[in-house]
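Student: According to our numbering, numbering within the sequence shown proceeds without interruption in unit steps and concludes at 924. Yeah, the Cβ is synthetic: ideal placement off N, Cα and C, and Gly gets one too.
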Amino acid sequence: MIELLRRFGGKYCRYMVIGPACKLIEVIFDLLTPLVIAQMIDKGIGAYDVNSVVHYGMVLAAMAVIGISFTLVCQKMAALTSQGMGTDIRGALYQHITKLSYAELDRFGTPSLITRITNDVNQVQLAVALGVRMLIRWPFLAVGSMVAALAIDLKLGMIFLICTPAIGLVFWFVMARCIPYYKQLQAKLDRIALVCREGLSGARVVRAFVREDHERERFARAAEDQARVAIAVGKLSSILNPVTFLVMNLGVCAILWVGGIQVNVGELTQGQVMAFVNYMTQTLTSIVYVANLVVVFTKASASASRLNEVLNCVPSIIDEDNQPVALPEPSAMGNAVPVPALSLSHASFSFGVGAANAVNDVTLELPVGKTLGIIGGTGSGKSTLVSLIPRLYDTGVGSVSVMGADVRAWPLDQLRHVVATVPQRASLVSGTIRSNLTWRDESATDEELWAALEMAQASEFVRNKPQGLDAPVEAGGKNFSGGQRQRLTIARALVGSPQILIMDDSASALDFKTDAALRHAIRERSVRGAAAGGLPLTTVIVSQRVSTVRDADMICVLDHGSVAGLGTHDELYASCQLYREICQSQLRREELEGQQGSAMPALVPSPAPAPGAPAAPASTCAKEGC
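Next comes the structure, spelled out in C-alpha cells:
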C-alpha cells in the first residue's frame, strides 16, 4: 500500500493534508461537546436557568454547523484523492499491461488481470478514502477522549484502563485469524472471473454440447468456494462488534454506578458524570471504528500487493534504446534485395523454465517478395513460430532477423508496422468498419481502405452495407460471420503497406475459392510493389490446408516445434513423410496422381490383402504409397 501511495499519491498530497486537517478540527469540536453539555446540565438544567440552557444550546448548534462544514470539505478531499488515485492506478496498470509480452500475459491470465484492474483497485480506493476521512479522526478521538476523561476524574479513569485492553485483546484475536482469509478471497474472485469468462465467451460451444448444467455447477462450485471463505471471515468479524459493545456497555454501567456514588458524596457533578460517559462512549466507539479501518486496510494491502506484482513486472520485450532501422533498397538488377526478408537461425522458444521447447532449433531464410507456407499438425508450434517474427515472444536461443536486422534491434512500433500480423482468431472492436481498418494507419484514405478490402475479398459484402465503411461493428464483430470477420482482419493488416504479411491460419473460415482469390490478390500486390520500384510484399502463411500453402515458394513442415521438412511442395512430397501424409489426407486422387508424375516417392510395401478380399485399384495404391 505504501508503495502505491509513493508512486501515485504525489499530486494529491495537498488533498491528503487538507482533508485530515479539517477532520482534526471536527474532532476538537467533538471533544469539546461533552464539556459544553456538562456545563449545560450543571449551570442550566440543574440550576433551572433557562438562559444558560439556551446559551449553551446555541454554542452546541454553532459547533455542529462548523463541524459539518469541515466534514464536507474533508469528504470532498477524500473523494478527489481516492477517485484520482484510482483513475491513475487503473491507467498506469492498463498502460503497463499493454507493454507486457505474451509470456507475461500468459503468466498472469486475463481473468486475474481483469479482477486486479477492477476489484483490487476498488479496494485500494476505499482504503484511501477512509484513510483521508477517518485515519486521523478515530485514533485522535480515542486518545483525546481518554485524556479528557482522566482529567475529569482519575478514579473513574481506571475503568478505561480495564475496558480498553479488553477491547484490544478481542481485536487482536479476530484480526490475527481474519488476515490470511483476505488474500484467499482475492484468489477465489480470480477463479470466479475465470469460470465466468470461459462460460460466457464459449456460450455457443456450451449450448452446442448441452453443457449448461455442467457450467452452472462449475460456477456454483467456484461461488460456493468463495462464499465459504467469506462466511468464515464474516463469522470471525461478527465477534468483534458485539463483544466490543458489550465491554463498552459494561464500562458505561460501571461509570454510572461509581459516578452516582461520587455525585451523592459531592465529589463529582451530574454534568461531569455525563461528560465522562460521553468520553467513554467516544473512546470505545473509536476503537471499534479503528478495528474496522484495520480490516479495510488489510484487504487493501492484499489488493495492493497484487497490483504491485503487475506494476513491478518488468516486460521481457523492451526497445527503449533501439534506433530506427533503415529498410533495404532494391538493386538495379532485377529488383533483387541484398538481404533476406526473414531469417531464423537456430531459433528456440519455450513457455517457462523447464518446459519443453514449443519451437526447437528452427533455421530458415526467406527472400524478399517470396511466400513461406508453414504447415503441421495441431500443437506443432506454427503460431508460436510466427509470433517470434513481430517479437510477440522472444527467442530463448538463436535469433530472428527481419530485413537483415535482428528483431531485438528494431523499435517495436517500426517492426510491427513493417510486419503485419493477421491473428488466428479474428478480433474486431466495437466501432465502425472504418475505425477497425485504420488501426495501422489512421490517415489512410477511403481509396486505400477499399483497395485493402478488394485484396481481402471483403469489398462485396461491405459495399452491400447501407453505410459502407461507416457500417457499425459490434463488440467482437458479432454482427459479422466468421469468414467476414477474417476478411476484415486481413484487410486491416493490408492497410498501411506492410513489407511482411503474416497470416496465422486466418483463412480457415474461408471457402477454397475465396482463399485462392485472396492468395492471388496478395501475389499481385507483391508484383505491383516490385514493379513500382519498392519492396515486394513478403508473405508468411500458416495453415493446415495443403491447398493454401502448396503454391508457396518455400514450405516449412513443423512437427512438435521442430522442422520436419523445408522446401517446395514437390520436394517435400517426395522427401518428407509427414508432409506426404498430410497431402494424402487432404488432396484428391487426381491431384496426387498429377503430383506423382513429377516427383514419385519411394513405394512403401503394403501388407498382403486378406484372403478373399478384392485387390486395391492401382490408383488407390499410388495414392496411398502402397
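Within 10 Å of its beta-carbon, does aspartate 488 have 16 or more other beta-carbons around it, so buried, or fewer, so exposed?
Tutor: Your numbering for residue 488 matches position 190 in the sequence shown. Buried: at least 16 other Cβ atoms inside 10 Å.
Student: What do you reckon, are the CB atoms on leucine 799 and alanine 807 nearer than 8 Å?
Tutor: The sequence position of residue 799 within the sequence shown is 501, counting from 1. The sequence position of residue 807 within the sequence shown is 509, counting from 1. No, the pair does not count as a contact, with Cβ atoms beyond the cut-off.
Student: Does DSSP classify alanine 656 as helix, strand or coil?
Tutor: Counted from its first residue, the sequence shown places residue 656 at position 358. Here alanine 656 sits in strand by DSSP.
Student: CB-CB under 6 Å to valine 825, same chain, minus the five flanking residues each way: which ones, in chain order?
Tutor: Within the sequence shown, numbered from 1, the residue matching residue 825 stands at position 527. Here the set comprises nothing.
Student: Between the alpha carbons of leucine 683 and valine 657, how many angstroms are there, rounded?
Tutor: For the purposes of this step, residue 683 is taken as the residue at position 385 of the sequence shown. For the purposes of this step, residue 657 is taken as the residue at position 359 of the sequence shown. So the two alpha carbons sit approximately 6 Å from each other.
Student: Measuring CB to CB, does alanine 573 end up less than 8 Å from isoleucine 450?
Tutor: The residue labelled residue 573 in the question sits at position 275 within the sequence shown. The residue labelled residue 450 in the question sits at position 152 within the sequence shown. Judged by their CB atoms, alanine 573 and isoleucine 450 are nearer to each other than the 8 Å cut-off.
Student: Just to confirm before moving on: does the CB-CB distance between leucine 247 and alanine 589 stay below 8 Å?
Tutor: The chain is shown only over 299 to 924; residue 247 falls outside these bounds and no answer can be derived.
Student: Tell me valine 695's beta-bridge partners as DSSP assigns them.
Tutor: Numbered from its first residue, the sequence shown carries residue 695 at position 397. Beta-bridge pairing by DSSP links valine 695 to Ser646.
Student: Starting from serine 733, trace the alpha helix (DSSP H) in both directions and tell me its first and last residue.
Tutor: On the sequence shown, position 435 is the one that residue 733 refers to. It spans 731–735 - the alpha helix (DSSP H) in which serine 733 sits, taken as one unbroken run.
Student: Mapping DSSP to helix, strand and coil, what is isoleucine 450?
Tutor: For this step, residue 450 is matched to residue 152 along the sequence shown. For isoleucine 450, the secondary structure class from DSSP, reduced to helix, strand or coil, is helix.
Student: Can you give the beta carbon distance from tyrosine 313 to threonine 379, rounded, assuming they're within the 8 Å contact cut?
Tutor: Your numbering for residue 313 matches position 15 in the sequence shown. Your numbering for residue 379 matches position 81 in the sequence shown. With 8 Å as the limit, tyrosine 313 and threonine 379 qualify as a contact, their Cβ atoms being about 4 Å apart.
Student: 8 Å is my cut-off, CB to CB: does alanine 362 come that close to chain D?
Tutor: Here there is only one protein chain, and chain D is not present.
Student: So is proline 478 buried or exposed if we call it buried at 16+ other beta carbons inside 10 Å?
Tutor: For this step, residue 478 is matched to residue 180 along the sequence shown. The residue in question, proline 478, is exposed, as its Cβ has fewer than 16 Cβ neighbours within 10 Å.
Student: Quick test of the definition: if touching needs 3 or more C-beta pairs under 8 Å, does the segment 521–532 touch the segment 426–446?
Tutor: no
Student: Given a cut-off of 8 Å on the beta-carbon distance, is the pair isoleucine 615 and valine 838 in contact?
Tutor: As a position in the sequence shown, residue 615 is number 317, starting the count at 1. As a position in the sequence shown, residue 838 is number 540, starting the count at 1. Not closer than 8 Å, so no.
Student: Return helix, strand or coil for leucine 662, following the three-state DSSP convention.
Tutor: Sequence index remark: in the sequence shown, residue 662 carries index 364 (1-based). Looking at leucine 662 - three-state DSSP - the assignment turns out to be strand.
Student: For methionine 299, count the other beta carbons within 10 Å of its own beta carbon; 16 or more makes it buried, fewer makes it exposed. Which is it?
Tutor: Here residue 299 corresponds to residue number 1 of the sequence shown, with the count starting at 1. With 16 or more other Cβ atoms within 10 Å, it is buried.
Student: Could you tell me the distance, in whole angstroms, from the CA atom of alanine 401 to the CA atom of tyrosine 691?
Tutor: If you number the sequence shown from 1, residue 401 lands on position 103. If you number the sequence shown from 1, residue 691 lands on position 393. The alpha-carbon of alanine 401 is positioned some 7 Å away from that of tyrosine 691.
Student: Bridge partners of glutamine 640, per DSSP?
Tutor: Within the sequence shown, numbered from 1, the residue matching residue 640 stands at position 342. The sequence as given places leucine at residue 640; glutamine does not occur at that position. Leu664 and Val700.
Student: Determine the contact status of serine 646 and glycine 696, defining contact as a CB-CB distance below 8 Å.
Tutor: The residue you call residue 646 lines up with position 348 of the sequence shown. The residue you call residue 696 lines up with position 398 of the sequence shown. Contact annotation: serine 646 and glycine 696 have beta-carbon atoms nearer than 8 Å.
Student: For cysteine 874 versus alanine 862, is the C-beta spacing smaller than 8 Å?
Tutor: Locating residue 874 in the sequence shown gives position 576, where the first residue counts as 1. Locating residue 862 in the sequence shown gives position 564, where the first residue counts as 1. Yes, the pair counts as a contact, with Cβ atoms nearer than the cut-off.
Student: Using a Cβ distance threshold of 8 Å, determine whether the segment 548–567 contacts the segment 497–504, with at least three qualifying pairs required.
Tutor: no
Student: Can you grab the Cα-Cα spacing for the pair alanine 520 / leucine 492, in whole Å?
Tutor: On the sequence shown, position 222 is the one that residue 520 refers to. On the sequence shown, position 194 is the one that residue 492 refers to. Spanning the two alpha carbons is a distance of roughly 10 Å.
Student: For the ligand ATP, is there any heavy atom lying closer than 7 Å to the beta carbon of leucine 670?
Tutor: Of the ligands one can find in the structure shown there are none, so the ligand ATP has no counterpart to examine.
Student: Are lysine 668 and methionine 852 close, meaning C-beta to C-beta below 8 Å?
Tutor: The residue given as residue 668 occupies position 370 in the sequence shown. The residue given as residue 852 occupies position 554 in the sequence shown. Taking 8 Å as the Cβ cut-off, lysine 668 and methionine 852 qualify as a contacting pair.
Student: Tell me the DSSP secondary structure of methionine 299 in three-state form.
Tutor: On the sequence shown, residue 299 is found 1 positions in, with the first residue counted as 1. Reduced to three states, the DSSP call for methionine 299 is coil.
Student: Output the residue ranges of the beta strand (DSSP E) runs that lie fully inside the segment 325–390 and measure 3 residues or longer, sorted by chain position.
Tutor: Within the segment 325–390, not a single complete beta strand (DSSP E) segment reaches 3 residues in length.
Student: When the Cα atoms are used, what is the spatial distance from alanine 654 to alanine 754?
Tutor: Locating residue 654 in the sequence shown gives position 356, counting from the first residue. Locating residue 754 in the sequence shown gives position 456, counting from the first residue. Between alanine 654 and alanine 754, the C-alpha separation is close to 37 Å.
Student: Between the alpha carbons of isoleucine 335 and leucine 459, how many angstroms are there, rounded?
Tutor: Residue 335 sits at position 37 when you count from the first residue of the sequence shown. Residue 459 sits at position 161 when you count from the first residue of the sequence shown. Taking the straight line from one Cα to the other gives about 24 Å.
Student: What does the alpha-carbon distance come out to for the pair tyrosine 392 and leucine 582?
Tutor: Along the sequence shown, one-based indexing puts residue 392 at 94. Along the sequence shown, one-based indexing puts residue 582 at 284. Cα to Cα, the separation comes out at about 43 Å.
Student: Give the straight-line distance between the Cα atoms of cysteine 611 and tryptophan 737, rounded to the nearest whole angstrom.
Tutor: Here the question's residue 611 lines up with position 313 in the sequence shown. Here the question's residue 737 lines up with position 439 in the sequence shown. So the two alpha carbons sit approximately 27 Å from each other.
Student: Apart from the five residues on each side of it in sequence, which residues of its chain come closer than 7 Å, Cβ to Cβ, to asparagine 620?
Tutor: Taking the sequence shown and counting its residues from 1, one reaches residue 620 at position 322. Counting only Cβ-Cβ distances below 7 Å, and skipping sequence neighbours, we find Ala707, Trp708 and Pro709.
Student: What are the boundary residues of the alpha helix (DSSP H) that includes serine 804?
Tutor: In the sequence shown, counting from the first residue as 1, residue 804 sits at position 506. Serine 804 -> no alpha helix (DSSP H), and no H or E assigned at all.
Student: Is alanine 630 buried or exposed, if buried means 16 or more other CB atoms sit within 10 Å of its CB?
Tutor: Looking up residue 630 in the sequence shown gives position 332. With a pLDDT of 48 at alanine 630, under the threshold of 50, the predicted position of this residue should be treated as unreliable, though the coordinate-derived value follows. Label assigned to alanine 630: exposed.
Student: What is the residue span of the beta strand (DSSP E) that isoleucine 839 lies within?
Tutor: The sequence position of residue 839 within the sequence shown is 541, counting from 1. Per DSSP, isoleucine 839 belongs to the beta strand (DSSP E) from 836–840.
Student: Say whether the segment 840–854 touches the segment 863–871, bearing in mind that this needs 3 or more beta-carbon pairs closer than 8 Å, one atom from each stretch.
Tutor: With the cut-off at 8 Å, the segment 840–854 and the segment 863–871 touch.
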